[in-house]
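**Student:** Line by line, the protein sequences give chains A and B. Be aware that the first sequence starts at 1, since it is given in the numbering used here, and climbs by one per residue. Be aware that the second sequence starts at 286, since it is given in the numbering used here, and climbs by one per residue. Ideal Cβ placement from N, Cα and C applies to all residues, glycine included. Below you will find the structure I want to go over with you.
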Amino acid sequence: MKQTTLSGERSRKVILSVVLAVICIIYVLQVLTVVVNSFKQNTFVKSETFALPNGESWNGLGNFIKGMTFGNYPFWKSVVYSVVITLSSTFLILLFTSMAAWYIARVNSFFCKLIYFLCVFSMVVPFQMVMYTLSKTADGLHLNTPWSIPVVYLGFGAGLAIFMFVGFVKSIPIEIEESASIDGCGPIRIFFRIVLPMLKPTLISVGILEIMWVWNDYLLPYLVLDINEYRTIPIHIQYLKGSYGTVDLGATMALILLSIIPVIIFYLTCQKHIIKGVAAGAVKG
Amino acid sequence: MYLNPLKKLWKNPTRRWALLFLGPVVAAFAIGFVWPFVQGIWLSLCKFRLISDAKFIGLGNYIQALEDPSFRHAFWYTALFAVVSLVLINVLAFAVAYALTQGIKGSNLFRTVFFMPNLIGGIVLGYIWSMIFDGILSRFGTSILMETRYGFWGLIILMLWQQIGYMMIIYIAGLQSVPEDMLEAARIDGANRWQTLFRVTIPNVMPSITICTFLSLTNGFKLFDQNMALTAGQPFIIQSDGSAVKTTEMLALNIYNTFYGSSNTSPGVAQAKAVLFFVLVAALGLIQLSYTRKREVQQ
């Protein structure tokens, strides 16, 4: 009797593995379709999407060259802007929201509670609610360059970060900080020498969530940035594909491939942190 | 704690540094959220072309927004989309998470692959899928832009492909926290697999279900990038008065098009739509949270 249930269990697991493996292959095929089509001429992308490139449809690096120079806007500039905006926004958010969250959790005055409440509130406000006024405000304050847009990200993205950091700070015993204070440590040293190192897991979680958000964000930079000068990668791709009439699917796929390669490398190297960060962000949220 | 004199002593020097610790976030938050939000509410009650010459007109914009057939269509379309995607995403994500916590070989690899689409942005995903759907549909002489139902199910498939991996991670974390001795006890008491699943496992992962249904519901309502990249609202139906109802346009895209589209409606109407949209998303989120929170078990 026990024998049969055990072998039943095993065959159940084998079936499960096979089913999951098939789904996995379908997932990977998606990316492979992009790879294959990025080397095909435009007309063949539509008519023979799932065929490998042959002598007739092969376009070599033509799509990549076209995509990278499209519309007199070099692709490498978009890459630089995307990297600059993502890294500086994430850095600003991590530094300033962790500081504010520590202050909010520890001082807990009426003003602190008000800010905390507003932050939590901002998490349920969809971007469309503020996009028009935010883009006008940012324009007026000259926050429309890749070097100043991080301020907008800090403002609009503060909610989730503050929420996660406050939750974590509250779980740290205050006694450590109190004894440091008695030993003559000022608030700045307490924060940077004692609290910040303890926040490391949350810093990683929040950092990952912010990087994923800012890197892929389309609408906020599109509305805020001066679009003739500065385009991020999603905006560049949207321009390439969205220019009606002369859509070059081959070139679009080439750019898409170029833009997802670094993401996949980033994912495979920091996978553990990313998955932990997502789980932590959700549980706290 | 309040009686601890040390704490008071310790708090006071910290308070003096408020400007340093709170200043940057408060300033940025005021620019990036508080002011645009307040101004947005004010402008929804105004008639204007430029913000500088906004004139208060009361609820006129709201009436105009609610009478707009494209907005009403977008509302029902979005609601249907959000409900269908909510159910499918959560059922499938839970099933995958459950399968991956059974100790089968390659669980980590599967998890890695299923989560991957989340790192690809909505715009890019939309274009990848529009190519794939058109590659399939062109064999039948049609396209995803030709019929509303293709656009609808296409977007559902896209969202499933993206969101299952995300929700799966949350469900896995929940499933791993179900106390092993509870499962053991159920087994000893003779509960079969399904009984254990429905009576022990699911009540214990209710916090994960709360958060996942909340996220997929609000994500469904707020969807923009994928909607714009996949169909951009096509196909259109031309109304008798010459205006077009974009049949696969969701609320967020409708608001965007009202603001920035070529139509000559005032931005005030678009802002009124945006306020209605915010109230809807916030209310739905809160109702959903309080509804599922009640079903969580205290451990």
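What is the DSSP secondary structure of TRP147/A, counted as helix, strand or coil?
**Tutor:** In the structure shown, TRP147/A sits in coil (DSSP, three-state: anything other than H, G, I, E or B).
**Student:** Please check the pair ALA158/A and CYS119/A, which I expect to be a contact at CB under 8 Å, by giving their CB distance rounded to whole angstroms.
**Tutor:** About 6 Å; that satisfies the 8 Å criterion.
**Student:** Using alpha carbons as the reference points, say which of ALA280/A, TYR239/A and VAL22/A lies closest to PHE168/A.
**Tutor:** It is ALA280/A whose Cα lies nearest to the Cα of PHE168/A.
**Student:** With 9 Å set as the bound, which would you pick, yes or no: does the beta-carbon of PRO464/B sit closer than that to a beta-carbon of chain A?
**Tutor:** Chain A contact via Cβ: absent.
**Student:** Which residue marks the beginning of the alpha helix (DSSP H) containing VAL311/B, and which one marks its end?
**Tutor:** Element bounds for VAL311/B: 303 to 314.
**Student:** Give me the chain A residues within the contact set of GLY391/B, using Cβ-Cβ distance strictly less than 9 Å, ordered along the chain.
**Tutor:** Residues of chain A passing the Cβ test: SER17, LEU20, ALA21 and CYS24.
**Student:** Please name the residues in the segment 407 to 424 of chain B whose beta-carbon is closer than 8 Å to at least one beta-carbon of chain A, in chain order.
**Tutor:** Correct list: GLY407, ILE408, VAL409, TYR412, ILE413, MET416, ILE417, ASP419, GLY420, ILE421 and SER423.
**Student:** Closer than 9 Å, Cβ to Cβ, to anything on chain B: give me those residues from the segment 204 to 234 of chain A, in chain order.
**Tutor:** Result list: MET212, TRP215, ASN216, ASP217, TYR218, LEU219, LEU223, ILE233 and PRO234.
**Student:** Would you list the residues sitting across from TRP58/A in a DSSP beta bridge?
**Tutor:** In the DSSP output, where bridge partners are listed per residue, TRP58/A has LYS40/A.
**Student:** What distance in whole Å lies between the Cβ atoms of VAL152/A and VAL224/A, which are believed to be in contact at a cut-off of 8 Å?
**Tutor:** Rounded, the Cβ-Cβ distance is 6 Å, consistent with contact.
**Student:** Cβ of PHE521/B less than 9 Å from any chain A Cβ?
**Tutor:** No, PHE521/B does not count as interfacial toward chain A.
**Student:** Measuring straight from C-alpha to C-alpha, what distance separates PRO520/B and ILE211/A?
**Tutor:** If I take the Cα positions, the gap works out to 35 Å.
**Student:** Is THR577/B close to chain A? Criterion is C-beta to C-beta, closer than 9 Å.
**Tutor:** With 9 Å as the cut-off, THR577/B does not count as an interface residue toward chain A.
**Student:** Taking only three categories from DSSP, how would you classify PHE483/B?
**Tutor:** Reduced to three states, the DSSP call for PHE483/B is helix.
**Student:** Taking Cβ positions only, does PHE39/A come closer than 9 Å to chain D?
**Tutor:** Absence of chain D from the displayed structure is noted, the protein chains being A and B.
**Student:** Note the first and the last residue of the continuous beta strand (DSSP E) segment covering PHE521/B.
**Tutor:** It spans 521 to 523 - the beta strand (DSSP E) in which PHE521/B sits, taken as one unbroken run.
**Student:** Excluding five sequence neighbours on each side, which residues of the same chain lie with their C-beta closer than 6 Å to the C-beta of ALA161/A?
**Tutor:** Excluding residues within five positions, the ones whose Cβ falls inside 6 Å are ILE93, THR97 and VAL206.
**Student:** According to DSSP, is VAL130/A part of a helix, a strand, or is it coil?
**Tutor:** Looking at VAL130/A - three-state DSSP - the assignment turns out to be helix.
**Student:** If we ignore side chains and look at the alpha-carbon of each, how far apart do ILE233/A and LEU258/A end up?
**Tutor:** In a straight line, the C-alpha of ILE233/A is about 10 Å away from that of LEU258/A.
**Student:** When you compare only the Cα positions, how much space is there between LEU365/B and GLY505/B?
**Tutor:** For LEU365/B and GLY505/B, the distance between alpha carbons rounds to 10 Å.
**Student:** At which residue ranges does the segment 240 to 284 of chain A contain complete alpha helix (DSSP H) runs of 4 or more residues, listed in the order of the chain?
**Tutor:** Correct list: 249 to 269 and 271 to 284.
**Student:** Closer than 9 Å, CB to CB, is ARG106/A near chain B or not?
**Tutor:** Yes, because at least one Cβ of chain B sits closer than 9 Å to the Cβ of ARG106/A.
**Student:** What does the alpha-carbon distance come out to for the pair ILE413/B and PRO173/A?
**Tutor:** Their Cα atoms are separated by approximately 49 Å.
**Student:** 9 Å is my cut-off, CB to CB: does GLU56/A come that close to chain B?
**Tutor:** No, GLU56/A lies away from the interface with chain B (no Cβ there is under 9 Å from its Cβ).
**Student:** For ILE182/A, does the count of other Cβ atoms within 10 angstroms reach 16, so buried, or fall short, so exposed?
**Tutor:** Exposed is the call here.
**Student:** Which residues of the segment 450 to 461 of chain B have a Cβ closer than 8 Å to any Cβ of chain A? Give them in chain order.
**Tutor:** Going along the segment 450 to 461 of chain B in chain order, one finds TYR451, ILE454, ILE455, ILE457 and ALA458 with a Cβ nearer than 8 Å to chain A.
**Student:** I believe PRO492/B touches GLY450/B by the beta-carbon criterion, under 8 Å. Please report the beta-carbon distance rounded to the nearest angstrom.
**Tutor:** About 20 Å separates the two Cβ atoms, so there is no contact after all.
**Student:** Going by CA-CA distance only, name the one from VAL310/B, SER525/B and ARG578/B that's closest to SER89/A.
**Tutor:** Considering only alpha carbons, the answer is VAL310/B.
**Student:** Among ALA517/B, LEU565/B and ASP510/B, which one has its Cα closest to the Cα of TYR435/B?
**Tutor:** Minimum Cα distance to TYR435/B is reached at ALA517/B.
**Student:** Kindly confirm or deny that the segment 312 to 322 of chain B and the segment 124 to 134 of chain A touch, where touching means at least three C-beta pairs closer than 8 Å.
**Tutor:** Touching, yes, given that three or more Cβ pairs across the two stretches are closer than 8 Å.
**Student:** CA-CA distance, ALA378/B and HIS142/A?
**Tutor:** Straight-line Cα distance between these residues: approximately 43 Å.
**Student:** Does DSSP put ALA567/B in a helix, a strand or coil?
**Tutor:** If DSSP states are grouped into helix, strand and coil, ALA567/B belongs with the helices.
**Student:** State the Cα-Cα distance for the pair ILE441/B and CYS497/B, rounded to the nearest angstrom.
**Tutor:** Cα-Cα distance, rounded: 17 Å.
**Student:** Measure the C-alpha to C-alpha separation of CYS185/A and VAL376/B and round it to an integer number of angstroms.
**Tutor:** Their Cα atoms are separated by approximately 53 Å.
**Student:** Specify the secondary structure class of VAL290/A as computed by DSSP and reduced to three states.
**Tutor:** In the structure as shown, chain A begins at 1 and stops at 285. Residue 290/A is therefore absent and cannot be evaluated.
**Student:** If you draw a straight line from the C-alpha of THR363/B to the C-alpha of LEU536/B, how long is it?
**Tutor:** Straight-line Cα distance between these residues: approximately 6 Å.
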